[in-house]
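Novice: One structure follows; several queries about it will come next.
2 protein chains.
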Amino acid sequence: MKPTKQLSDYPQPSVAIDLAILTVAQGGLQVLLMRRNDAEEVGGLWALPGGFVHADKTLDETVLRVMKEKAGLYEAHLEQLGTYGALERDPRGRVISVVYFALTPLQKLVAVSNGRDDLLLARIEVPWRGEEGGPADALSPDGEKLQLAFDHEELLGDVVKRLRGKLDYTPIGFALLERHFTLRDAQEIHEAILGRSLTKPAFRRKLLDRGLIRATGKFETGGAYRPAELYELK
Amino acid sequence: MKPTKQLSDYPQPSVAIDLAILTVAQGGLQVLLMRRNDAEEVGGLWALPGGFVHADKTLDETVLRVMKEKAGLYEAHLEQLGTYGALERDPRGRVISVVYFALTPLQKLVAVSNGRDDLLLARIEVPWRGEEGGPADALSPDGEKLQLAFDHEELLGDVVKRLRGKLDYTPIGFALLERHFTLRDAQEIHEAILGRSLTKPAFRRKLLDRGLIRATGKFETGGAYRPAELYELK
DNA sequence: CCAAAAGTGTTGCCGTTACACCCATGT
DNA sequence: ACATGGGTGTAACGGCAACACTTTTGG
């Protein structure tokens, strides 16, 4: 922050962050989208929340600012995905975006998007399986495909790929659950992210044998039939 | 590229790429360092090659430019690691760096660094094992620890961590070998990256059973004792 | 024939899966 | 009592590691 000296004699790109806020609902991954109100090419399209990185702010500070100002969210599991620098990705000019994703349980998001017509929790649908990648589709609650601004479909595909890849060797999936959860909850989260069903006993033991979670001795209430035990992350 | 409209009313950071060019030699990971000749804080220190991203160049173009101009390398396995945006990481001003790493066989690098006293192939030493992370040390050929400019020690640690993590579920290690290689060559590469020894039969079969490599029918020449068969990546 | 390194066979361990079953609870 | 979902026992499979072993070459 002593801009007395010119660091580069060339015109520089702008730097922004884009943030994919993800949760699981109705058996599938969902992403929080925002309607652009620009008077330009992307006006009216849905897009990931984002914001420019100012010279006196770190990347993390900028992500937190966007998460709070644009989506009303104050904390979540945050992770950097990567940086996208294609020349024409933003029709307004040269913008390089550092992409982050946030994971949070559904309850923290519904309060936010309710009553705002510029925010939408959209279902993510990936047309691919396993190793490959590619763009992902965002679907409105009616089930119609939404056209996203910029390269955000590509980007959303990359987020899902990263998430699936890290799911079974990190505790990342638990960021989508409340502090106390049942094993069924955990399984549903994992199934929603992977897009396939898992066998119950295998899943249970995998979690327990790894020693990442701990039984609390408490049980869920209110449900019909036998209540399941509540667990928590160690 | 129609910068007619102001994208942001705030002062923007500069964007650079930093490139860790890695190879394996003498049983260990090595990185290509460059001596800074600035007249400022970092002058005289060793650092990763880097360069600013101009408004009309993509990130990939910039990485290729740096690799060619600064290190004389024309192709390699290239991968984006992440983006570093701490405020004071560059004492000259606010610079955000997108960090890449390149993997290439030793032979392509020795020709480059020979005869240039501003380039050095430094041994990487990581003071940690397994899951954890942290900064990595760069050692001169004499074995003395080099002080790196900026946050490059931290960054180098992150590169090694990523490399180790991806080593056994991607063919990334083969980027450090020539097109034809023996199984012993491959094992030495893997041992150098992981920093521990592997058992021969297990390693052989792991590679062969996965079907990633193919025997060529040719054999190495010139060595003493029994020649090993040459393999190639499928 | 010997040394050194290439390459193979056998065994056992361990994490994961599949399937069948028992258990606990609310209606 | 019964339906429903929670939770467990057991057996089989497959990847992987360790060890001992055989094979091939140069000297």
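Protein sequence lines correspond, in order, to chains A and B.
Numbered as in the UniProt record's numbering, the first sequence ends at 234 without a single skipped number.
Numbered as in the UniProt record's numbering, the second sequence ends at 234 without a single skipped number.
Cβ coordinates follow ideal geometry from the N, Cα and C atoms, glycine included.
1) Report all residues from its chain with a CB closer than 6 angstroms to the CB of Val126/A; omit the five preceding and five following residues, and keep chain order.
2) At 3 residues or longer, what runs of the beta strand (DSSP E) sit wholly inside the segment 124-179 of chain B?
3) Give the DSSP bridge partners of Ile193/A, in chain order.
4) By DSSP, does Thr104/A sit in helix, in strand, or in coil?
5) Please classify Pro13/A as buried or exposed, where buried requires at least 16 other C-beta atoms within 10 Å of its C-beta.
6) Name the DSSP beta bridge partners of Ser97/A, please?
7) Please determine, among Arg92/A, Gly82/A, Ala192/A and Ala215/A, the residue with the shortest C-alpha to C-alpha distance to Arg162/A.
8) My understanding is that Phe150/A touches Val42/A, with C-beta atoms under 8 angstroms, so please give their C-beta distance in whole angstroms.
9) Where does Lys218/A fall in DSSP's three states?
10) Who are the Cβ neighbours of Glu79/B in its own chain at under 7 angstroms, not counting the five residues just before and after it?
11) Mark Val15/A as exposed unless 16 or more other C-beta atoms lie within 10 angstroms of its C-beta, in which case mark it buried.
12) For Lys200/A, count neighbouring Cβ atoms within 10 angstroms of its own Cβ and tell me buried if that reaches 16, exposed if not.
13) Using a Cβ-Cβ cut-off of 7 angstroms, state whether Ser197/B counts as contacting chain A.
14) What is the DSSP secondary structure of Val42/B, reduced to helix, strand or coil?
15) Taking Pro11/B as the query, report the chain A residues whose CB atoms sit under 8 angstroms from its CB, ordered along the chain.
16) Would you list the one or two residues that DSSP bridges to Thr23/A?
17) Taking 7 angstroms as the CB-CB cut-off, is Gln107/B touching chain A?
18) How about Ala71/A and Leu45/A: are their beta carbons less than 7 angstroms apart?
19) Tell me whether Glu75/B sits in a helix, a strand or coil according to DSSP, three-state version.
20) In this structure, does DSSP put Leu183/A in helix, strand or coil?
21) What is the rounded straight-line gap between the Cα of Glu229/A and the Cα of Leu103/A?
22) Express the C-alpha separation of Ala47/B and Glu144/B in angstroms, rounding to a whole number.
23) Could one say the Cβ of Ser14/A lies closer than 7 angstroms to chain B's Cβ atoms, at least one of them?
24) Is there a Cβ of chain B sitting closer than 7 angstroms to that of Arg94/A, yes or no?
25) Where does the unbroken beta strand (DSSP E) through Leu198/A begin, and where does it stop?
26) With DSSP run on the structure shown, which of helix, strand or coil describes Arg92/A?
27) Return the first residue and the last residue of the beta strand (DSSP E) that Leu230/B is part of.
28) Considering only residues of the same chain and omitting the five flanking positions on each side of Ile213/B, which have a CB-CB separation below 7 angstroms?
29) Taking only three categories from DSSP, how would you classify Ala55/A?
30) Closer than 7 angstroms between beta carbons: that is the criterion. Which residues of the segment 57-85 of chain B meet it against chain A?
31) Output the distance between the C-alpha atoms of Arg226/A and Leu19/A, rounded to the nearest integer angstrom.
32) Rounded to a whole number of angstroms, what is the C-alpha to C-alpha distance between Arg184/B and Ile21/B?
33) Residues of chain B with a CB under 7 angstroms from the CB of Val112/A: which are they?
34) Just to confirm, is the Cβ distance from Leu167/B to Ile193/B under 7 angstroms?
35) Hey, how far is the Cα of Ala186/B from the Cα of Gly211/B?
Specialist: Put simply:
1) Ala136 and Val160
2) 137-139
3) Per DSSP, none; premise fails for Ile193/A.
4) coil
5) buried
6) Ala16/A and Tyr84/A
7) Gly82/A
8) 7 angstroms
9) strand
10) Tyr100 and Phe101
11) buried
12) exposed
13) no
14) coil
15) Pro3, His54, Ala55 and Asp56
16) Gln30/A
17) no
18) no
19) coil
20) helix
21) 24 angstroms
22) 16 angstroms
23) yes
24) yes
25) From DSSP, Leu198/A is part of no beta strand (DSSP E); its letter is neither H nor E.
26) coil
27) Glu229 to Leu233
28) Leu207, Tyr231, Glu232, Leu233 and Lys234
29) coil
30) Thr58, Leu59, Gln80, Gly82, Thr83 and Gly85
31) 40 angstroms
32) 23 angstroms
33) Simply none; closest approach about 25 angstroms.
34) yes
35) 15 angstroms
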